[in-house]
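Residue numbers (our numbering): 112 to 302.
Ideal placement from N, C-alpha and C gives every residue a C-beta, glycine not left out.
Remarks on the structure that follows.
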Ligand code: ADP
């Protein structure tokens, strides 16, 4: 299996690049942000709990997102691979993912980390907020909080995957096609 962690701060372009990767490599796209927004749209208890955190730009508790990923992995055991987008976001999530994948006998292949300057992230998120209606993309202080949460709780995962020799930093500035080309180049080198 080809199991990719697509990594980076909010606004780095993970969702956009995931679209390209799933079509090129027939992978299952697992975005915890999308899964949480579907729960909110469905009005489930889990969705209501998650919304309170998301609206503030805080992380949803680990057990909630880990449970969602576990269900999706179980349901897609015969996939060609997975692309994890927005997950893991904490060290405990990364450890849980290793345990779950170990059970399926298929480890993470690579962690591809999109690197984008802070001002560009803020500009991209504010412009997305104008079209998407996402409340967390419309308020500069919530966006700043999400970037701080990324720096404090999520960016340490770079070390976690470096230790496993799976980390690849990618320049996330430039055109969508150029960035996609950079990702592809690294993926083709795996195996
Ligand atoms: P972005 O990467 O642009 O912030 P996402 O759609 O990935 O957007 O995430 C939106 C929000 O959903 C996050 O700010 C957070 O509240 C919640 N969320 C998504 N994934 C996770 C996760 N793995 N752990 C905790 N919270 C998460």
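Spatially closest choice to residue i from the options, by CA coordinates
i: residue 204; options: 287, 266, 295 and 302; result: 266
i: residue 117; options: 279, 243 and 234; result: 279
i: residue 144; options: 131, 138 and 122; result: 122
i: residue 193; options: 112, 261, 156 and 253; result: 112
i: residue 182; options: 131, 208 and 201; result: 208
i: residue 296; options: 140, 276 and 221; result: 221
i: residue 173; options: 202, 158, 188 and 155; result: 202
i: residue 233; options: 214, 253 and 242; result: 253
i: residue 190; options: 151, 159, 133 and 298; result: 133
i: residue 210; options: 236, 177 and 200; result: 177
i: residue 150; options: 214, 175 and 199; result: 175
i: residue 251; options: 286, 238 and 262; result: 238
7 Å CB neighbourhood of residue i in its chain, flanking five on each side removed
i: residue 171; result: 147, 161, 164 and 165
i: residue 282; result: 226 and 293
i: residue 131; result: 291
i: residue 277; result: 219, 221 and 222
i: residue 258; result: 120, 121, 229 and 232
i: residue 236; result: 121, 122, 248 and 254
CA-to-CA distance, residue j to residue i, given in whole angstroms
i: residue 306; j: residue 219; result: Within the shown structure, residues of the chain are numbered from 112 to 302, placing residue 306 beyond reach of any answer.
i: residue 273; j: residue 184; result: 24 Å
i: residue 249; j: residue 240; result: 5 Å
i: residue 153; j: residue 180; result: 18 Å
i: residue 301; j: residue 231; result: 30 Å
i: residue 128; j: residue 288; result: 9 Å
i: residue 216; j: residue 188; result: 10 Å
i: residue 268; j: residue 135; result: 26 Å
i: residue 271; j: residue 156; result: 33 Å
i: residue 167; j: residue 256; result: 8 Å
Buried or exposed by the 16-neighbour rule on C-beta atoms within 10 Å, applied to residue i
i: residue 114; result: buried
i: residue 196; result: buried
i: residue 247; result: buried
i: residue 137; result: exposed
i: residue 125; result: buried
i: residue 244; result: exposed
i: residue 224; result: buried
Bounding residues of the beta strand (DSSP E) (the contiguous stretch that carries residue i)
i: residue 193; result: 192–196
i: residue 161; result: Run containing residue 161: none in the beta strand (DSSP E); it sits in the alpha helix (DSSP H), 156–165.
i: residue 278; result: 278–282
i: residue 242; result: Per DSSP, residue 242 belongs to no beta strand (DSSP E); it is in the alpha helix (DSSP H), 229–243.
i: residue 221; result: 221–226
i: residue 213; result: Segment 202–215 is the alpha helix (DSSP H) holding residue 213; no beta strand (DSSP E) there.
For residue i, the first and last residue of its enclosing alpha helix (DSSP H)
i: residue 271; result: 268–274
i: residue 179; result: 173–186
i: residue 289; result: 287–299
i: residue 146; result: 143–153
beta-carbon residue i near the ligand SAH non-hydrogen atom, thresh 8 Å
i: residue 236; result: This structure lacks the ligand SAH; its bound ligands are the ligand ADP.
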